[in-house]
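Trainee: Just passing along the structure, written as structure tokens.
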Ligand SMILES: [Zn+2]
Ligand SMILES: [Zn+2]
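Residue numbers (this note's numbering): 16 to 144.
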């Protein structure tokens, strides 16, 4: 009959396995998943979507992963080195490609300092008709 305090005060052991599950998932895939996709693949563990979002945010803050906004959706990217992306307009796949040479050193007029470059090539992938 006691009050369930689980949601207010999750035991630290539970918080740890959830954090590790999210970390392991994002670090072992290359498909730039959304938080929903990470959640879907961890569904059997019973982890909540809000928890997935929270741990992904921590991983971004600590620099373990970065985000890339694609088609208005935030995707999570385990590759934190400078790189460009290619995306398929047919199946929605998004993958890493090298930045064109020297683009990262180029400083456009009007920018005091370049903090980053976001470049996504779009087209049909080799697997799409
Ligand atoms: Zn495709
Ligand atoms: Zn990437």
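Every residue, glycine too, gets a C-beta built ideally from N, C-alpha and C. Since the structure is predicted, the reported quantities are computational estimates derived from the model, not experimental observations.
Could you name the residues of the same chain whose beta carbon sits closer than 7 Å to that of residue 56, not counting the 5 residues immediately before and after it, in chain order?
Mentor: Correct list, in chain order: 40.
Trainee: In the structure shown, what three-state DSSP assignment does residue 85 receive?
Mentor: It is a strand residue.
Trainee: Go through its chain and collect everything with a Cβ distance to residue 34's Cβ below 8 Å, but skip five positions before and after it.
Mentor: Correct list, in chain order: 70, 73.
Trainee: Could you please go through the chain and list the residues whose beta-carbon is closer than 5 Å to any non-hydrogen atom of ligand 2?
Mentor: Here the list is 92, 94, 111.
Trainee: Grouping DSSP H, G and I as helix and E and B as strand, with all else coil, what is residue 70?
Mentor: If DSSP states are grouped into helix, strand and coil, residue 70 belongs with the helices.
Trainee: Can you grab the Cα-Cα spacing for the pair residue 131 / residue 67, in whole Å?
Mentor: Approximately 26 Å between the Cα atoms of the pair.
Trainee: Does DSSP put residue 90 in a helix, in a strand, or in coil?
Mentor: Strand, per DSSP.
Trainee: Does the distance between the C-beta of residue 142 and the nearest non-hydrogen atom of ligand 1 fall short of 8 Å?
Mentor: Residue 142 Cβ: within cutoff of ligand 1.
Trainee: Quick check on DSSP: helix, strand or coil for residue 119?
Mentor: Looking at residue 119 - three-state DSSP - the assignment turns out to be coil, as it is neither helix nor strand.
Trainee: Excluding sequence positions up to five away, which residues of its chain have a Cβ less than 8 Å from the Cβ of residue 82?
Mentor: These residues qualify, in order along the chain: 75, 89, 90, 91, 92.
Trainee: Compare the C-beta of residue 86 against all C-beta atoms of chain C and say whether one is closer than 9 Å.
Mentor: Of the chains in the structure shown, none is chain C; there is only one protein chain.
Trainee: Check whether the Cβ of residue 139 sits closer than 8 Å to any heavy atom of ligand 1, and report yes or no.
Mentor: Yes, the Cβ of residue 139 comes within 8 Å of a heavy atom of ligand 1.
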